[in-house]
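**Q**
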Amino acid sequence: MPEMPEVETIRKTINNKIAGRTIKNIDILLPRLIKYPEPKKYKKMLIGQKIIAMQRRGKYLIMKMSNAAQAVFHLRMTGRLCYSSNDINEDKYKRVIFELDNGDKFIYADTRTLGTLHCINKDEISKIKGLYELGPEPLSTEFTLEYLEKKLKNNNSKIKSFLLNQKNIAGLGNIYVDEALFIAGIYPEIKANMVPADKFIKLYNAVNKVIADGIRDGGTTFRDYVDGDGKKGQHQNNLFVYGREKEKCRKCGTIIEKIKVAGRGTCFCPKCQKS
DNA sequence: AGAGGAGCCTGAGCGC
DNA sequence: TGCGCTCAGGCTCCTC
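Residue numbers (the UniProt record's numbering): 1 to 275.
#1: Looking only at its own chain, which residues have a Cβ that is under 6 Å from the Cβ of residue 174, when we skip the five neighbours before and after it?
#2: Identify which residue in 125, 53, 162 has its Cα closest to the Cα of residue 10.
#3: Under the three-state reduction of DSSP, which class applies to residue 265: helix, strand or coil?
#4: Within 10 angstroms of its Cβ, does residue 194 collect 16 or more other Cβ (buried), or is it exposed?
#5: Suppose you measure from the CA of residue 186 to the CA of residue 46; what does that come to, to the nearest Å?
#6: Could you say if the region 205-222 and the region 250-269 meet the contact criterion of at least three C-beta pairs nearer than 8 Å?
#7: Tell me whether the beta-carbon of residue 134 lies closer than 8 Å to the beta-carbon of residue 58.
#8: Less than 8 Å between the C-beta atoms of residue 98 and residue 26, yes or no?
#9: Report buried or exposed for residue 119, applying the criterion of at least 16 other Cβ atoms within 10 angstroms of its Cβ.
#10: Measuring straight from C-alpha to C-alpha, what distance separates residue 183 and residue 42?
#11: Kindly indicate which residue of 273, 262, 22, 231 has the alpha-carbon position closest to the one of residue 251.
#12: In chain order, what residues of the same chain have a beta carbon less than 6 Å from the beta carbon of residue 85, not counting five sequence neighbours either side?
#13: Counting along the chain, where does the beta strand (DSSP E) carrying residue 96 start and finish?
#14: Return the CA-CA distance between residue 245 and residue 236, expressed in angstroms with no decimal places.
#15: For residue 183, name the three-state secondary structure that DSSP assigns.
#16: Please state the DSSP three-state secondary structure of residue 53.
#17: Taking the beta carbon of residue 156 as the centre, do at least 16 other beta carbons fall within 10 Å, making it buried, or is it exposed?
#18: What is the C-beta distance between residue 145 and residue 201, in whole angstroms, given that I count them as a contact (C-beta under 8 Å)?
#19: Sort 30, 149, 199 by Cα distance to residue 108 and report the nearest one.
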């Protein structure tokens with residue numbers, strides 16, 4: 001499901017509600033989603049602890065606890081985190097329920113059950129390889145034009161694969177990669193090290209723009225995604241190419257095409273993104 | 001090193 | 001109405 005703007009929106013909508021609350025109980029309905037440690041120990045690390053804050057790194061949500069433990073969520077394709085003030089939560093796909101000291105709950109729900117939950121101590125980040133190896137965040141001071149240039153020049157994979165690889169840049173997924181490549185005017189199958197120099201700044205700005213716009217719009221809802229309040233995003237109304245195959249390019253009117261790149265459906269404008 | 005495919009899962013949408 | 005197929009905001013592991 002969600003890419004960085006969706007995860008950030010969930011974080012924002014849930015953080016102010018759970019920060020300062022204590023976890024009273026955890027109901028693990030689908031134990032195999034708890035990847036580390038054992039579900040029993042997972043509960044032990046978190047029950048009775050106060051939630052300091054919900055933070056985010058790439059597509060990971062990180063709940064910091066008073067005992068310095070960190071509960072880490074990765075929503076993968078269809079994971080959701082929703083806050084619930086009453087007993088009636090009609091979500092069919094509840095997987096883990098966190099009960100708070102005020103009687104409210106926040107619920108991890110997941111249709112396809114591909115999401116992952118971990119709980120680690122401060123020195124255990126290497127237990128979660130994907131989190132440990134994440135590249136810099138768009139919109140951060142670590143993500144500079146110089147960094148992007150250097151990475152591109154040293155990378156022989158297709159630009160689409162490069163941008164999807166979380167080790168290079170944290171947070172981009174299929175939608176925002178297609179959008180960034182369109183805005184920068186880059187054909188998705190070109191090799192990263194073959195991207196012409198005059199496109200570096202365009203790509204750099206495009207990556208920052210799609211992420212910033214996605215966050216501004218509260219994320220993109222195509223199927224399952226909702227924020228911590230159960231609300232849909234709005235960014236699907238502002239997309240240039242993703243999900244618009246056979247429709248007209250918003251810039252030039254050419255018909256948007258869909259191909260497969262790096263195993264992922266890829267939409268692009270054959271005129272604005274010449275090979 | 002990188003490409004490509006399978007696998008993890010369930011559900012929606014399509015053609016027949 | 002139902003079957004079978006393809007596809008889906010992610011990521012990891014395997015082989016070539």
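The beta-carbon is built from N, C-alpha and C at its ideal position, and this holds for glycine as well. As the structure is a computational prediction, the values presented were derived from the model and not from experiment.
**A** So, to answer that:
#1: The count along the first sequence starts at 1 and reaches residue 174 at position 174. Around residue 174: 264.
#2: Along the first sequence, one-based indexing puts residue 10 at 10. With distances taken between CA atoms, residue 10 lies nearest to 53 out of 125, 53, 162.
#3: Sequence index remark: in the first sequence, residue 265 carries index 265 (1-based). Look at residue 265 here: in three-state DSSP terms it is strand.
#4: Indexing the first sequence from 1 puts residue 194 at position 194. Answer is exposed; the Cβ neighbour count stays below 16.
#5: What you label residue 186 is simply residue 186 of the first sequence in a count that begins at 1. What you label residue 46 is simply residue 46 of the first sequence in a count that begins at 1. Approximately 46 Å between the Cα atoms of the pair.
#6: Contact fails: fewer than three Cβ-Cβ distances are below 8 Å.
#7: For the purposes of this step, residue 134 is identified with residue 134 of the first sequence, where counting begins at 1. For the purposes of this step, residue 58 is identified with residue 58 of the first sequence, where counting begins at 1. In terms of Cβ geometry, residue 134 and residue 58 form a close pair [threshold 8 Å].
#8: As a first step, residue 98 must be located in the first sequence, where it is residue number 98. As a first step, residue 26 must be located in the first sequence, where it is residue number 26. Yes, the Cβ-Cβ distance between residue 98 and residue 26 is below 8 Å.
#9: Along the first sequence, one-based indexing puts residue 119 at 119. The residue is buried, with at least 16 neighbouring Cβ atoms inside 10 Å.
#10: By 1-based counting over the first sequence, the position of residue 183 is 183. By 1-based counting over the first sequence, the position of residue 42 is 42. In this structure, the alpha-carbon of residue 183 lies about 43 Å from that of residue 42.
#11: Along the first sequence, read from residue 1 onward, the residue named residue 251 stands at position 251. With distances taken between Cα atoms, residue 251 lies closest to 273.
#12: Position 85 of the first sequence, counted from the start, is the residue given in the question as residue 85. 104.
#13: In the first sequence, the residue the question calls residue 96 occupies position 96. Per DSSP, residue 96 belongs to the beta strand (DSSP E) from 94-100.
#14: For the purposes of this step, residue 245 is identified with residue 245 of the first sequence, where counting begins at 1. For the purposes of this step, residue 236 is identified with residue 236 of the first sequence, where counting begins at 1. Their backbone Cα atoms lie some 14 Å apart in a straight line.
#15: Residue numbering aside, residue 183 sits at position 183 when the first sequence is read from its first letter. In the structure shown, the three-state DSSP call for residue 183 is helix.
#16: Sequence index remark: in the first sequence, residue 53 carries index 53 (1-based). In this structure, residue 53 counts as strand in the three-state DSSP scheme.
#17: Locating residue 156 in the first sequence gives position 156, where the first residue counts as 1. Label assigned to residue 156: exposed.
#18: In the first sequence, residue 145 corresponds to position 145, counting from 1. In the first sequence, residue 201 corresponds to position 201, counting from 1. About 6 Å separates the CB atoms of residue 145 and residue 201; that is less than 8 Å, so the two are in contact.
#19: Here residue 108 refers to the residue found at position 108 when the first sequence is read from its first residue. Nearest neighbour of residue 108 by Cα position, chosen from 30, 149, 199, turns out to be 30.
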